[in-house]
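Numbering (my numbering), first residue to last: 610 to 1069.
Don't be surprised by glycine CBs; every beta carbon is placed ideally from N, CA and C.
Since the structure is predicted, the reported quantities are computational estimates derived from the model, not experimental observations.
Take a look at the structure below.
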Amino acid sequence: MAVVLDLPSFPVRSRHMTGIPLQKAVRQELRTRGAALRAQLGLHARRLGRSALYLVGGFPVALPWLVSCLPAVALGAVTALLAIGIPLLAAAALSGIPFGVVERARIRLFTGRRVASPHVPHVRGDGGPLAWSLRRLREPATWWELGYTIAHCAVAIADFVLVIGGLLLSASLLAAPLLRGFTHDGVLRVAVFEARTTLQTLVLVPCGVVALVVTFLVLTRYADIRARIATHLLTRGCTTASSSEQDDRIGQLVCSRARILNAFDAERRRIERDLHDGAQQRLTGLIMTLGLARLEVAHGDTATRELVDKAYKEARTTLSELRDLVHGIYPASLTDRGLPAALTVLAEDCAVPTEVKVELEDRGKRPSEAMEAAMYFVACEALVNVVKHSGASEARLSLHSTGNHLVLEVYDNGCGGADAEAGSGLLGLADRVAAFEGTVRLSSPDGGPTRLRVEVPCAS
């Protein structure tokens, strides 16, 4: 009896079919990892170099100050009673200013960030060198810079020794097998380490790697801390004055923006009034004249009658467009009857059926004209977007007061996906509302619905 086993068949692949692509993939992966490792090592090496240069460079900067200022202070202290040493002491006190300039430049080279000077800028015409010196001596920043200079000079030597000692120790341990060949007795002594055989020098190489890693961590961390402390001390002194000046500038900008908005609204009202009382009235008179002309030529020449009829219809169309333009510039209902009535008229003219709901705590107390205009034009722009982009079948306008805030909400059941920063026009109106310390929130997920909420403090 024969037994037949139905075994699953497996594809047989040649070694040459799988080995070569696999070797290429392995080599490519090794090259990629090697490039990433080299880039990482290069980054750490550059960081270690910057930290070492920043710390080592502190000693050459401090040395001229020690050589020049210490004798000046000693001589000034001895001759102060004779009034000869007072200029020397003043010069020593002001010596922290150029030192601070150099230190701020070194910090910028190390960190890449610009450290602003805390001193009040000197304006030409404020006096000569004496006035400049007196002004600087009265600034707290001058004394903070002098204190930093003294502290920096005290630790600059320690920084120099730390950097040079750490790097030399690491390099000596890494090069121990090579350096042992240059010793006269064949014994390599590096700090507390001593190597008499080749095996012992090879053991020192991993110690050198550990020492280099420790040196890297210590120098980079210490340099970052030193840079932060230096930045903090070199920017102190005029903090209060700078904050006060910034508050004054912010206040001036807020007032200036409010004046610009008021002037803008006044200009819109003037244009609306001029069009309503000027061009619109003259156009109405022209239509009446053309109407009388139609009566005169009713039984006259056919061509003349057609021309007069055409001119009459075009004049009426122009008047209708002009009325819409005037209403868009600044609606008369907003000025005469307030924001609730203007929103009602706006909803009635909207192509999408719009419901208006007004719930105000004190209807007799109207907000400012500029605030009403801002809320109205936000609602106007929102309804324009509803008509153009949403595809909604209904919309809703809601105006109510919540505590000390006036809230306007616009809702539609459209397709959603609105973005205030994508050119919808709401971004500029949000900036207008921000002039009253108001906020604009837009919620418009894909698929809808879209909700726009504008909230403005009533006390603005």
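Would you please verify whether the beta carbon of residue i is less than 9 Å from any beta carbon of chain C?
i: T927; result: In summary, chain C is missing from the structure at hand, where a single protein chain is found.
Return the CA-CA distance between residue i and residue j, expressed in angstroms with no decimal places.
i: G790; j: L797; result: 9 Å
i: D753; j: G705; result: As written in the sequence, residue 753 is Trp, which differs from the Asp given in the question. C-alpha separation (whole angstroms): 8 Å.
i: Y663; j: T810; result: 32 Å
i: E1003; j: D1021; result: 6 Å
i: A644; j: G658; result: 21 Å
i: A634; j: G666; result: 47 Å
i: Q632; j: V1049; result: 60 Å
i: R975; j: L943; result: 11 Å
i: L843; j: Y985; result: 50 Å
i: L679; j: A820; result: 38 Å
i: R722; j: R636; result: 41 Å
i: C1067; j: I759; result: 55 Å
i: P696; j: R744; result: 15 Å
i: T806; j: H761; result: 44 Å
i: L952; j: L992; result: 11 Å
i: A740; j: A839; result: 28 Å
i: L948; j: T751; result: 57 Å
i: V823; j: P707; result: 35 Å
i: R717; j: A979; result: 46 Å
i: P749; j: R845; result: 8 Å
i: A912; j: D1028; result: 54 Å
i: A648; j: F719; result: 20 Å
i: T689; j: L703; result: Correcting the residue type first, residue 689 is Ala in the shown sequence and not Thr. In a straight line, the C-alpha of A689 is about 17 Å away from that of L703.
i: A888; j: S726; result: 59 Å
i: K922; j: S977; result: 41 Å
i: G598; j: N994; result: Because the chain spans 610 through 1069 in this model, residue 598 falls outside it and cannot be assessed.
On the three-state DSSP scale, how would you describe residue i?
i: V1042; result: helix
i: P669; result: helix
i: R744; result: helix
i: V1065; result: strand
i: V635; result: helix
i: D1021; result: strand
i: H998; result: helix
i: R1060; result: strand
i: V1016; result: strand
i: T1048; result: strand
i: S660; result: helix
i: D910; result: coil
i: A692; result: coil
i: T893; result: helix
i: P738; result: helix
i: T641; result: helix
i: T898; result: helix
Going by beta-carbon coordinates alone, are residue i and residue j separated by less than 9 Å?
i: A765; j: A671; result: yes
i: E968; j: S1007; result: yes
i: E1064; j: H1014; result: yes
i: I598; j: R925; result: The displayed coordinates of the chain run from 610 to 1069. Any statement about residue 598 would go beyond what the structure contains.
i: A737; j: S779; result: Residue identity check: residue 737 is Gly in the sequence provided, not Ala. No, these two residues do not count as a Cβ contact at 9 Å.
i: A988; j: V954; result: no
i: L813; j: A832; result: no
i: S781; j: V799; result: yes
Hey, quick one: how far does the alpha helix (DSSP H) through residue i stretch, first residue to last?
i: V772; result: 749 to 783
i: T720; result: 705 to 720
i: L813; result: 807 to 843
i: D1028; result: Neither: D1028 is in no alpha helix (DSSP H) and is coded neither H nor E.
i: L952; result: 948 to 958
Sorted by chain position, which residues of the same chain lie with C-beta nearer than 7 Å to residue i's C-beta, five sequence neighbours on each side aside?
i: C1024; result: S999, G1000, G1056, G1057
i: R1060; result: E1018, Y1020, S1052
i: A920; result: L899
Just to confirm my understanding: we take residue i, look at its own chain, exclude 5 residues before and 5 after, and list those with CB closer than 6 Å. What are they?
i: A574; result: The question about residue 574 has no answer, for the chain in this structure spans 610 to 1069.
i: V1016; result: H1009, E1064
Considering residue i, what are the terminal residues of the beta strand (DSSP E) in which it resides?
i: T1011; result: 1004 to 1011
i: D1055; result: Taken as a continuous stretch (DSSP letters only), D1055 belongs to no beta strand (DSSP E), as it is neither H nor E.
i: A983; result: From DSSP, A983 is part of no beta strand (DSSP E) but of the alpha helix (DSSP H) over 978 to 994.
i: K966; result: 963 to 968
i: A804; result: 802 to 804
i: L797; result: 797 to 799
Kindly list the residues whose CB is nearer than 8 Å to the CB of residue i, restricted to its own chain and excluding five residues on each side of it in sequence; keep chain order.
i: V917; result: L899, A902, R903, V906
i: G756; result: G705, L842
i: L776; result: A661, T824
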